[in-house]
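Trainee: Residue numbers (this note's numbering), protein chains in the order written: chain A, 20 to 128; chain B, 8 to 403.
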Ligand SMILES: Cc1ncc(COP(=O)(O)O)c(C=O)c1O
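(1) Is any heavy atom in ligand 1 found nearer than 8 angstroms to the beta carbon of residue 167(B)?
(2) In the DSSP assignment, the alpha helix (DSSP H) including residue 193(B) goes from what residue to what residue?
(3) What residues from the stretch 82-101 of chain A come within 8 angstroms of chain B, judged by C-beta to C-beta, listed N to C?
(4) Run down chain B in chain order and give the residues with a C-beta less than 9 angstroms from the C-beta of residue 71(A).
(5) Alpha carbons only, please: which of 217(B), 144(B) and 201(B) is nearest the one belonging to residue 193(B)?
(6) So with CB distances below 9 angstroms, who are the chain B contacts of residue 57(A)?
(7) Determine the DSSP secondary structure at residue 59(B), reduced to helix, strand or coil.
(8) Would you give the residue range spanned by the beta strand (DSSP E) that residue 22(A) belongs to?
(9) In chain B, which residues lie with their C-beta within 7 angstroms of the C-beta of residue 46(A)?
(10) Between the beta-carbon of residue 241(B) and the beta-carbon of residue 213(B), is there less than 9 angstroms?
(11) With a cut-off of 9 angstroms, does the C-beta of residue 375(B) fall near any C-beta of chain A?
(12) Tell me whether residue 183(B) is buried or exposed, calling it buried when 16 or more other Cβ atoms sit within 10 Å of its Cβ.
(13) Kindly list, in the order they appear in chain A, the residues whose Cβ is closer than 9 angstroms to that of residue 24(B).
(14) Assuming contact is defined by CB atoms lying nearer than 9 angstroms, are residue 45(A) and residue 109(A) in contact in what I supplied?
(15) Whose C-alpha, out of 313(B), 203(B) and 267(B), is nearest the C-alpha of residue 301(B)?
(16) By alpha-carbon positions, which one of 123(B), 221(B), 316(B) and 40(B) ends up nearest to residue 17(B)?
(17) Kindly list the residues whose CB is nearer than 8 angstroms to the CB of residue 205(B), restricted to its own chain and excluding five residues on each side of it in sequence; keep chain order.
(18) Could you check what DSSP says for residue 269(B) in three-state terms: helix, strand or coil?
(19) Following the continuous beta strand (DSSP E) through residue 215(B), name the residue where it begins and the one where it ends.
(20) For residue 29(B), which residues of its own chain have a beta-carbon under 6 angstroms away from its beta-carbon, when the five flanking residues on both sides are left out?
(21) Anything in chain A within Cβ reach of residue 361(B), meaning under 7 angstroms, just list it in chain order.
(22) Residues of chain A with CB closer than 9 angstroms to the CB of residue 348(B), please, in chain order.
(23) Taking only beta-carbon atoms, is residue 365(B) less than 9 angstroms away from chain A?
(24) Since residue 292(B) sits in a beta bridge, which residues does DSSP pair it with?
(25) Roughly how many whole angstroms lie between the Cα atoms of residue 320(B) and residue 109(B)?
(26) Along the alpha helix (DSSP H) that carries residue 65(A), what are the first and last residues, could you check?
(27) Are the beta-carbon atoms belonging to residue 51(A) and residue 33(A) less than 9 angstroms from one another?
(28) Taking the beta strand (DSSP E) that residue 161(B) belongs to, which residues open and close that run?
(29) How many whole angstroms separate the CB atoms of residue 72(B) and residue 283(B), which I take to be in contact at a CB cut-off of 8 angstroms?
(30) By the criterion of Cβ-Cβ separation under 8 angstroms, what are the contact partners of residue 352(B) in chain D?
(31) Could you tell me the alpha carbon to alpha carbon distance between residue 225(B) and residue 285(B), rounded to whole angstroms?
(32) With a CB to CB cut of under 7 angstroms and the five nearest residues on each side skipped, what residues in its chain are close to residue 122(B)?
(33) In chain order, what residues of the same chain lie with their CB nearer than 6 angstroms to the CB of residue 102(B), ignoring the 5 residues before and after it?
(34) Residue 135(B) versus chain A: which residues are under 7 angstroms apart at the beta carbon?
(35) Is residue 402(B) close to chain A, meaning its C-beta is less than 9 angstroms from at least one C-beta of that chain?
(36) Answer yes or no: does any C-beta atom of chain A fall closer than 9 angstroms to that of residue 339(B)?
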């Protein structure tokens with residue numbers, strides 16, 4: 020699935036791609052199709068109320084809220100595991116919480 | 008083997024990727040890319056049809072590609088059918104054989120879905136029984152289980168040569184003897200063997216051997232199906248039309264002999280020619296050298312991984328009994344998380360998940376989320392293995 024988001028007034032492609040999984044839950048990778056660098060420290064601060072910060076590395080972060088696990092890479096990639104129901108729409112809904120922590124994010128177009 | 012020189016043949020490696028997913032598809036050397044471009048730029052035409060020189064040239068190159076692959080696998084040219092992938096070859100066989108109620112098919116729980124689902128569908132279509140032999144957690148079989156399962160009603164036995172999940176090498180010759188003693192046909196899924204060690208189909212004891220061209224340096228959309236000469240008359244192509252006939256009249260037709268019978272319509276000409284260039288390249292390096300080098304790399308990688316606390320390697324411990332397919336798990340990180348993080352931190356490409364082997368992961372390994380899987384090929388370097396180990400330590 021390809022969507023568009025608005026970031027600092029600019030429309031950017033967002034791809035949502037399903038990954039190998041067994042059937043009960045879905046796993047999805049969401050990529051912002053533009054060179055972007057996340058401030059992981061800032062994001063972790065904003066997300067820590069809702070998620071357990073499992074790993075915080077300079078290049079990636081893994082956060083959890085049972086059963087969901089979200090990996091965020093500094094270069095604009097987000098992976099969400101155990102999406103239920105297994106649909107890209109649900110993955111996008113979960114991803115919104117992450118996207119909202121990006122300075123300049125104005126929403127899905 | 009001069010690894011630096013070999014690595015220079017793969018332009019994509021300039022991008023700095025550490026590619027450890029060759030079990031899914033291999034990288035493509037310049038000679039293969041050039042062979043494909045050469046077809047399009049120099050003599051683009053359909054094969055076996057035209058009198059003009061481009062068509063003659065294309066036909067010659069495409070036929071020669073069959074010869075090269077035949078030589079590479081120890082078969083004769085007519086026995087080598089070009090397919091679009093390994094899956095297609097297995098489906099071709101499953102759909103070409105005639106089954107009746109009471110027949111049975113013997114396969115295993117180690118199989119890739121491509122060598123599993125085509126047989127299950129025959130069960131649903133014709134009411135044949137599908138017997139499934141269970142491997143150990145390392146992917147080994149007890150030959151006694153095959154002896155018990157295969158009987159005079161067994162039509163075909165279909166087994167993988169190397170597990171794409173565990174790397175285990177299966178002694179297919181021994182299984183072929185049991186199959187043939189019972190007059191059953193024997194199919195080998197060679198997707199993970201043909202790229203990594205020397206194969207002689209005359210000695211392997213199989214009737215059918217299907218493998219992927221794209222896992223052995225060929226272009227995507229290429230595969231190979233070996234059909235033993237003695238069986239040509241017994242199996243019907245499930246696709247018919249142009250390019251595969253000897254004669255046609257208003258009511259009837261007779262099929263061509265050899266591979267042409269099974270390649271209806273315009274084939275992937277450029278891909279086939281590219282595959283010919285791929286096996287020529289592999290032959291030049293020599294499969295014995297490739298096998299030896301990959302074993303050395305596999306040992307290095309396994310030794311490095313074993314030193315990482317809490318990391319678990321699946322599959323055989325003995326490097327003589329496996330290829331460079333190395334599945335592993337680490338505590339508190341899912342297989343996808345490991346793959347995601349390795350990509351981000353060091354541009355390392357590995358596979359994660361169930362590797363198209365759900366029955367194995369659910370019924371044998373008890374790993375419902377699958378594994379992370381690094382898979383090596385001869386263009387990987389020792390330095391890449393060091394970086395992989397180092398990065399794993401850093402991110403765990
Ligand atoms: C053992 C095995 N069999 C079959 C296949 C399917 O190959 P292809 O994608 O070429 O159809 C694979 C692919 O990974 C495999 O590893």
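All C-beta atoms, glycine included, are put in the ideal place defined by N, C-alpha and C.
Mentor: Taking the structure as given:
(1) yes
(2) Taken as a continuous stretch (DSSP letters only), residue 193(B) belongs to no alpha helix (DSSP H), being part of the beta strand (DSSP E) at 192-196.
(3) 88, 90, 92, 93, 94, 96, 98 and 100
(4) None at all; the shortest Cβ gap to chain B is about 12 angstroms.
(5) 217(B)
(6) None at all; the shortest Cβ gap to chain B is about 11 angstroms.
(7) coil
(8) 21-26
(9) 343
(10) no
(11) yes
(12) buried
(13) Correct list: empty, because the minimum Cβ distance to chain A is about 15 angstroms.
(14) yes
(15) 203(B)
(16) 40(B)
(17) 294, 295 and 298
(18) helix
(19) 215-219
(20) 382 and 384
(21) 39 and 41
(22) 74, 76, 78, 79, 81, 90 and 92
(23) yes
(24) According to DSSP, residue 292(B) bridges with nothing at all.
(25) 41 angstroms
(26) 59-66
(27) yes
(28) 161-167
(29) 3 angstroms
(30) Here chain D cannot be found, since the structure's protein chains are A and B.
(31) 5 angstroms
(32) 97, 114, 165, 167 and 196
(33) 245
(34) Going along chain A, no residue has its Cβ under 7 angstroms from residue 135(B), so there is no contact; the nearest lies around 26 angstroms.
(35) yes
(36) yes
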